[in-house]
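Everything on this sheet refers to the single structure shown next.
Numbering (the numbering used here), first residue to last: 24 to 255.
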């Protein structure tokens, strides 16, 4: 019983750890990458809290809906597929979908992964370049050039490195991003709570929430007044 309990505990801990690691790849929650795109979006109502709620919905759809659907497809494919020596990584998903819808399922997964990978590289490169331009100031051109060379180098290394090494490096880098960003979130939490309170107060008053930077002195010099409509 003790051996069975230990094995069960280890299995559960591994499932939780892998779930957290792969969940970051799915939704990037807490990493600080998605806000780069969210900050440029037009919200309705015109309030930062509204965009925050939209981002929360994205985490739900990515992880709980799409990932759960993928797991269901694999599980329903049958135990013989899971026991196959070829069922590893993306091949497992391809084989599972092909068993349900036919051979075109494998091609669909391959094309989807290609598009996901390409758009992820472009998007994350854009995030990084905008961050470097903000942080480097006058030295931005040189810093951006070095960054571009580093990105090209990482792409070439990633195309020939082993899958295990890539996963380990990705887990390490994403974990570091999450730690840094969570510290920043903690420091900025008073502003976040103040924005949510403002949003909730307007909503309960029967008004459509509109963000007014002048109501937040701490943000007066940090927010472009032209980025938000004038409150009426």
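We put the beta carbon where it would ideally sit given N, CA and C, even for glycine.
### Query
Three-state secondary structure (DSSP) at residue 112?
If DSSP states are grouped into helix, strand and coil, residue 112 belongs with coil.
### Query
What residue range is occupied by the uninterrupted alpha helix (DSSP H) comprising residue 210?
Per DSSP, the continuous alpha helix (DSSP H) segment holding residue 210 begins and ends at 186-227.
### Message
Do residue 104 and residue 119 count as a contact pair if the criterion is CB distance below 8 Å?
### Response
Going by C-beta atoms, residue 119 is nearer than 8 Å to residue 104.
### Query
Ordered along the chain, which non-local residues of its own chain (more than five positions away) have a Cβ less than 6 Å from that of residue 72?
Cβ contact annotation for residue 72 (same chain, cutoff 6 Å, sequence separation greater than five): 218, 219, 222, in chain order.
### Message
Helix, strand or coil, according to DSSP, for residue 67 in the structure here?
### Response
Coil.
### Residues near residue 163 by beta carbon distance below 7 Å, same chain, minus five either side
Answer for residue 163: 155, 156, listed in chain order.
### Query
In whole angstroms, what separates the C-alpha of residue 53 from that of residue 27?
Between the C-alpha atoms of residue 53 and residue 27 there is a straight-line separation of about 35 Å.
### Task
Run through the region 71-101 for me and flag every whole alpha helix (DSSP H) of 4 or more residues, listed as ranges in chain order.
The region 71-101 contains these whole alpha helix (DSSP H) runs: 71-82, 91-98.
### Task
Assign residue 176 to one of two classes, buried (16 or more other C-beta atoms within 10 Å of its C-beta) or exposed (fewer than that).
The Cβ neighbour count for residue 176, taken over all protein chains shown within 10 Å, is under 16; the residue is labelled exposed.
### Task
Could you say if the region 191-209 and the region 42-52 meet the contact criterion of at least three C-beta pairs nearer than 8 Å?
Here the region 191-209 lies against the region 42-52, with 3 or more beta-carbon pairs under 8 Å apart.
### Task
Under 8 Å by Cβ, that's how I've got residue 132 and residue 116 pegged, so tell me the actual separation to the nearest angstrom.
About 6 Å separates the two Cβ atoms, so the contact holds.
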